[in-house]
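Numbering (the working numbering), first residue to last: 12 to 277.
Here it is in structure tokens:
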């Protein structure tokens, strides 16, 4: 049987430049637990914090890893040590629940590692997300998205580069407003939480191009879900519905612990 999955390998920028090792390690272990909680009873996920500042995630669904990565980037605590994610997705022959994440060897993991290494080499203007899709050049026939694998890879990473440019232009308050709106969905709730007027919040959203940033995220998720739904191996799992449930669960968990994720005095 064939299973549709996605993978990311996450590292942290500048993790060795300051004396933040212990605090960062504790935080990454906390994130490992949070990811497990976000996905519990919704989609099968294996996650591990290893190698100091690295988190590895393998999960069911083409869009799941990117969805988790995007939310992680928006609730991230360390402004001077941002995470970056090497991503891949595709089909495997084993159920995720049966995998040993420590020992699993597969082309998708290799591609995620390679993608992460590409980002690691970008010392300036690093993009936080990068896809490297499996190389199917050794196959005699290509079907589905595999036929246009290289084109999908270029388009995904182009959108992510443009999205990153918009993220980089955000001020701290614009970034915070964008993240809170992603979680709370309503400007008045963001306004109440920050103790600022609705017009001020609206201005920060517009100047920070929050709609464009979240539209890019939603667009990529929708494309990945569509690719999975049209895969010859998908058995009617309705990936869009599952992803919606995942996002709603993340939003619920974060909103119920909003001060832990977004301290007012930060």
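All C-beta atoms, glycine included, are put in the ideal place defined by N, C-alpha and C.
Exposure of residue i, with buried meaning 16 or more beta-carbon neighbours within 10 Å
i           : result
residue 135 : exposed
residue 12  : exposed
residue 190 : buried
residue 179 : exposed
residue 66  : buried
Backbone CA spacing between residue i and residue j [nearest angstrom]
i           : j           : result
residue 258 : residue 196 : 12 Å
residue 221 : residue 63  : 32 Å
residue 254 : residue 219 : 26 Å
residue 92  : residue 14  : 34 Å
residue 226 : residue 86  : 18 Å
residue 151 : residue 49  : Unreliable placement is indicated for residue 151, whose pLDDT of 44 sits below 50; the coordinate value is still reported in the next sentence. Rounded to whole angstroms, residue 151 to residue 49 spans 40 Å at the Cα level.
residue 224 : residue 39  : 25 Å
residue 171 : residue 163 : 12 Å
residue 143 : residue 166 : 12 Å
residue 33  : residue 244 : 44 Å
residue 174 : residue 35  : 26 Å
residue 16  : residue 256 : 17 Å
Coarse secondary structure for residue i, derived from DSSP in three states
i           : result
residue 21  : strand
residue 92  : coil
residue 135 : coil
residue 73  : coil
residue 78  : helix
residue 59  : strand
residue 98  : strand
residue 174 : helix
residue 181 : coil
residue 148 : Unreliable positioning characterises residue 148 in this predicted model, as indicated by a pLDDT of 44, which lies under 50. The coordinate reading is nonetheless provided below. Note: residue 148 maps to coil in three-state DSSP.
residue 140 : strand
residue 243 : coil
Distance CB(residue i)-CB(residue j) smaller than 7 Å
i           : j           : result
residue 99  : residue 123 : yes
residue 77  : residue 139 : no
residue 101 : residue 128 : no
residue 120 : residue 201 : no
**Message:** I'd like to know if the segment 44-53 and the segment 256-271 are in contact, where contact means that at least 3 CB-CB pairs between them fall below 8 Å.
**Reply:** yes
**Prompt:** Quick one: any contact between the segment 227-242 and the segment 65-73, if contact means 3 or more CB pairs under 8 Å?
**Reply:** yes
**Asked** Does the segment 107-115 come close enough to the segment 19-27 that 3 or more CB-CB pairs lie under 8 Å?
**Response** no
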